[in-house]
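>
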Amino acid sequence: MSTRTGQNVLTTKSLIALALTALVVGAVAVNAAPFGVLGGSVTAPAVAAQQAQPSSAVSLAPQSTTIDPGDTTTYDVVVDTADGGVGAYDFDVTVADSTVASITDISLGGGPPAQTSDVTLANDGSAVSVVAALADTDDTGSVVIATVTVEGDAAGTTDLGLSVEALGTESGQSYTVTEANGATLTVTDPTPANRPPTADAGADQTVDEETTVTLDATGSSDPDGDALTYAWSQTDGPDVSLTGDDTSTATFEAPDVDSDTALTFEVDVSDGEASDTDTVVVTVQNTDTNNQNPDPDPDPDPDPDPDPDPDPDPDPEPQPDPETTVSMNPASDGIDEGSSTTFDVVVESADGGVGAYDFEVTVATPSVASITDVELHGSPSDQTSDVTIAADGSSARAVAALADTDNTGSVVIATVTVEGDDAGTTDLGLSVTALGTEAGHSYTVTDMSGATLTVDSGSSPSDPANFQVSNLNPTDVTVTQGDVIDVSATVENTGDDSDTQRVEFRVDGTALTGQDVTLAGGESRTVTFEDIDTSGLAAGEYTHGVYTDDDSQTATLTVEAPATPSDPANFQVSDLNPTDVTVTQGDVIDVSATVENTGDDSDTQRVEFRVGSTAIASEDVTLAGGESQTVTFEDIGTSGLAPGDYTHGIYTDDDSQTATLTVDAPATPSDPADFQVSDLNPTYVTVTQGDVIDVSATVENTGDEEGTQSVSFQVDGTVLSSQDVTLAGGESQTVTFEDIDTSGLAPGDYTHGIYTDDDSQTATLTVDAPAAPSDPANFEVSDLNPMDVTVTQGDVIDVSATVENTGDEEGTQSVSFQVDGTVLSSQDVTLAGGESQTVTFEDIDTSGLAAGEYTHGVYTDDDAQTATLTVTEPTGGDGDGDKTYTRDEITQAKYGYDFAEVSYETAGQVQDIYNRQPFADGATPGDIETREEIAERLYDMRAQESTLAAKLTAEQLIEVQNAYDAQFGPLPTDPEYSREEISQAKYGVAFADLSTETTGQVQAIYNRQPFPAGDTPADIETREEIAERLYGMHYYDLENRDHVVEVQNRYHAQFDDRAD
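Below, the structure is given as structure tokens:
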């Protein structure tokens, strides 16, 4: 930031230049009537002179800002303390770097007349000068006297300087300008748009069968230098397995082919935003055919004396000459008169060494320097080398052969000594006539570079370093205790010698900070001390300044005690009314809220009612500190809002309170209320005369309009009970009539039901006469399951039957499962008269039964039902029901690899299959399909399991999950929990509203019922939930085989104890 300091006083000359100010000053000074523009006289000027002279700082605001090239911004020229107003001003604003920004416009404050104001804007926009009089501004506080518009031209940062030549009050007094503060503008370089990469799959290849082939996309590039990702895929030819298909170089094994076969591959290269593809064709050769080529015409008369050393290439193609450049090093140097320096003659690329050379070095200006010596390198003999130096030293030629140098890199073949003769600068030219390798080949010299030498006349006695200080900024300055300030000054070394000195910022002689500064003779630098903390300075006046070993510049630093801070205005919103509300499109609503200023300062803010981010209505509200007001927005129309949910609320600059506004579509013409009856309970029922019964039914209003009807329970048309029911359109209710007494009904059949004005549902009510003395308990057996059955010795079976007490009295009997009269299991069963129960005997072990036929059945004290049980001896064969397989056996059977060789995703699929053992119905690992294999079979879709949810519909994913689980046993037909109950328990969402991925997870849990005793759906975790809990990431993002296996094991352990 550029700062101009000093006391700038409005002079009489400045006022006269403004044409009219002096006349106005005189009129005001004597409290007389104002004079005309061209007439009148000035009396008693001493009155104005006696008034105290005001002072103020003038600044550009804001102090800094940032824009893009082509955009504009504005800076206000602000008089910080204008007690007395501003009636005249004369100032300049300059742009330090006009390549970065330029001034395009300026507007003047205080409305000075055109006759008393002048604006001069430089053609290149680098500066603007402003002179104005007879302005009329506010008479207190800060005043904006002009607004400067600046346009960004190119990326960079520039200072905007402010210089105030004159400043006067409206009464004609001069301000003392204590500070003139400029500003800083940064023009940013817009971020360029992303450019897509270029994919390069490499050149087409021809390879032998059964060899390893590398696909190379390292030639791909991105013009922005972005990191690239790669995805290889095969698009044609016999399928092969790609390794490293997500890297730039993928590999595969060429297949065994019967004839030359083309395979096509595509690489997709992405920079994260854009992508490009390229293809490569690999032709696999049938080496069996290519190698079977017997000589059809063997030589019947071979040469009895073959040449033991044939010359296959009697006239080889000549090799091109090697290329190199020759230069002098250093490229430039400087010496004093009478001194010498050396230059090396360097062969930059000497692959093959240097065996011979012929070159000449010339001095362009022999009066400045001369060659005095040449030293040859590579040790050529005196007989094969020669050096010739001109008598005046203006040139030197060197010829050498049979030299022996290094055979690679750069090689120095000679060192030339040059002496400075007279002050000046001269070029040293280099000309190479011949250059050869140690093997006798010629180099092609593509470039020859000489050097430059500067000769100085010698130095006179120098002045010692002297670090002078100037341009202290700020000079006299007032701060509040705790403020952080920046202080700078120009330090110039007015001596000749370079030196390093400690430059310090001191307050009352105490160094608060310092830095070491090195300056050459005559060099200057702005030294800045940033973030000087004044917290440790008590209120008062101090001498502050910048000090070197030789000089200092100081000024007065005034530290004021901090003012007691008041809390700024803070408009808080509460008591929004209404909050969540539903309206019909087109309704008009009123909205209100309480707005309270919880700060100390008074303020005015715009209070808005918004729907979404759009302000629908607003008003300006002024509140003193602690004051509150109810702000109401009336007659808010909703015609322009489409049906749906919106966030509505009342907003201030500091706070807001919002709720949900639901807009419903206008109702269509409604159907009248229509009370339909269903779900009569009980329907056909038999009671004993005198019994008390409850009857219910569902009554639904299938119309649109609300209605109230009398709903009655009738028997043969006689109303026994009724109640009034009110239902909204579409609403339903279970209507129950309790304690209906049948004492008044004679034994017989009746039509009973529930009736509305619109509908009824009826059934038969049979009333029996009171029962005669009861029959004793009698336990009858039926529905034996299984009946005739064949098992393998050792199988475990479940047997069940229905046991019914056909008597009137309750009874308890031992019900047993017997085989050939031997009780294998039994349980006590208690049944009321007429009650029945399914009795099940689980896990009946047939290991103790020899092969043969048996009578098996369920027995009570009163009855039995039997059938034939055939036990066969165990047989060998594939798919034994108790057979289990290792993970390696499963992986080899399905993929031909060991478990440790497959990908993490495939490892998870294998672990899933492993944990579901033993398999059902004699299946082997080769028979079990993964979910992705099922998806490909059902829908012809090749996809990894992790992407199935993105590529299948929810219905398709359910079918895949069912087909997968059915491989391990029958799917549940009447499970304890429905999919809806599982979805609600785990996610609180209807099953139909789940994402496709979550639908598949719920179906998988549903198929594993029944759950272990005491477990509910909320207790079951999905694989994703287990992975998130254990490792903080999604299951399909796991990249550790052990983590994948651990998640699978924990998942299956929830359903049984076989996963380990």
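If you read the sequence shown in the numbering used here, its first letter stands for residue 28, the second for the next number, and so on.
Each residue gets a CB set at the ideal place from its N, CA and C atoms; glycine is no exception.
#1: Under the rule that 16 or more other beta-carbon atoms within 10 Å means buried, what is Asp448, buried or exposed?
#2: Buried or exposed for Glu531, please, with buried defined as at least 16 other CB atoms from any protein chain shown within 10 angstroms of its CB.
#3: DSSP on Ala54, reduced to helix/strand/coil?
#4: Roughly how many angstroms separate the alpha carbons of Asp186 and Glu1066, rounded to a whole number?
#5: Tell me which same chain residues have a C-beta within less than 7 Å of the C-beta of Asp890, skipping the five on either side of it?
#6: If distances are taken between C-alpha atoms only, which option among Ser759, Gln854, Val722, Pro797 comes closest to Thr789?
#7: Where does His1070 fall in DSSP's three states?
#8: Tyr941 lies in the alpha helix (DSSP H); which residues open and close that run?
#9: Beta carbon of Ile940: closer than 7 Å to some heavy atom of the ligand ADP?
#10: Quick check: the Cα distance between Val204 and Val506, rounded to an integer number of angstroms?
#11: If you draw a straight line from the C-alpha of Ala301 to the C-alpha of Asp243, how long is it?
#12: Classify Thr606 as helix, strand or coil using the three-state DSSP reduction.
#13: Apply the 10 Å Cβ neighbour rule to His468 and answer buried if 16 or more other Cβ atoms are within range, or exposed otherwise.
#14: If I'm right that Tyr569 touches Val534 with Cβ under 8 Å, what's the distance once you round it to whole angstroms?
#15: Would you grab the beta carbon distance between Ala1115 and Tyr384 for me? Rounded to a whole angstrom, and I think it's under 8 Å.
#16: If we count the other Cβ atoms within 10 Å of its Cβ and call it buried at 16 or more, is Glu727 buried or exposed?
#17: By DSSP, does Pro333 sit in helix, in strand, or in coil?
#18: Tell me whether Asn150 is buried or exposed, calling it buried when 16 or more other Cβ atoms sit within 10 Å of its Cβ.
#19: Going by alpha carbons, who is nearest to Asp95 out of Phe118, Asp124, Gly183?
#20: To test your reading of the DSSP string, which unbroken beta strand (DSSP E) runs of 3 or more residues are found completely within the stretch 1031-1082?
#21: What residues match up with Leu455 in a beta bridge as DSSP calls it?
#22: With a threshold of 7 Å on Cβ separation, who are the neighbours of Ser125 within its own chain once the five nearest residues in sequence on each side are excluded?
#23: In the DSSP output, what is Asn832 paired with across the bridge?
#24: When the Cα of Ile362 is compared with those of Ile416, Thr435, Gly451, Thr411, which residue comes out closest?
#25: Looking only at its chain, what residues have a beta carbon closer than 6 Å to the beta carbon of Gly904, apart from the 5 residues adjacent to it on each side?
#26: Quick one: give me the first and last residue of the alpha helix (DSSP H) that Asp992 is part of.
#27: Using the rule of at least 16 other Cβ atoms within 10 Å of the residue's Cβ for burial, across every protein chain shown, is Val294 buried or exposed?
#28: Mind checking Asp117: buried by the 16 CB within 10 Å criterion, or exposed?
#29: Give the secondary structure of Phe946 by DSSP, where H, G and I count as helix, E and B as strand, and everything else as coil.
#30: So the candidates are Ile940, Ile1032, Pro81, Gly97; which of them puts its Cα closest to the Cα of Thr213?
#31: Helix, strand or coil: how does DSSP classify Ser593 here?
#32: Identify the residues that DSSP records as bridge partners of Ala644: which are they?
#33: Note down, in chain order, each residue of its chain lying with its Cβ closer than 6 Å to the Cβ of Asp251, except the 5 sequence neighbours on either side.
#34: Please report how far the alpha carbon of His1070 lies from the alpha carbon of Leu876, in whole angstroms.
#35: Do Thr1026 and Ala981 have their CB atoms nearer than 8 Å?
#36: Do you know how far the Cα of Thr839 is from the Cα of Gly848?
Here's the rundown:
#1: buried
#2: buried
#3: Any answer about Ala54 is weak, because its pLDDT of 31 lies below 50 and its placement is not dependable; what the coordinates show is given next. If DSSP states are grouped into helix, strand and coil, Ala54 belongs with the helices.
#4: Each residue's alpha carbon lies about 54 Å from the other.
#5: Phe806, Glu807, Val808
#6: Val722
#7: In the three-state scheme derived from DSSP, where H, G and I count as helix and E and B as strand, His1070 is classed as helix.
#8: 931-942 is the span of the alpha helix (DSSP H), which, as asked, contains Tyr941.
#9: Only the bare structure without any ligand can be found here, which leaves the ligand ADP out of the picture.
#10: 17 Å
#11: 20 Å
#12: coil
#13: exposed
#14: 5 Å
#15: Only positions 28 to 1087 of the chain appear in this structure, which leaves residue 1115 out of reach.
#16: buried
#17: Confidence is the limiting factor: at Pro333 the pLDDT is only 43, short of 50, which leaves the residue's position unreliable, though a coordinate-based value still follows. It is coil, neither helix nor strand.
#18: exposed
#19: Gly183
#20: Counting only runs of at least 3 residues, the stretch 1031-1082 fully encloses no beta strand (DSSP E) element at all.
#21: Val390, Ala478
#22: Asp151, Gly152, Ser153
#23: Phe806
#24: Gly451
#25: Caution applies to Gly904, whose pLDDT of 41 falls short of 50 and renders its modelled position unreliable; the value that the coordinates give is listed next. Once the five neighbours on either side are set aside, Gly904 has no close Cβ partner at all.
#26: 981-993
#27: Around the Cβ of Val294, a 10 Å sphere holds 16 or more other Cβ atoms; the residue is buried.
#28: buried
#29: DSSP places Phe946 in coil when its eight states are reduced to three.
#30: Gly97
#31: coil
#32: The partner list for Ala644 (beta bridge, DSSP) reads Phe636.
#33: The residues are Arg222.
#34: 46 Å
#35: The answer is yes: Cβ separation under 8 Å.
#36: 21 Å
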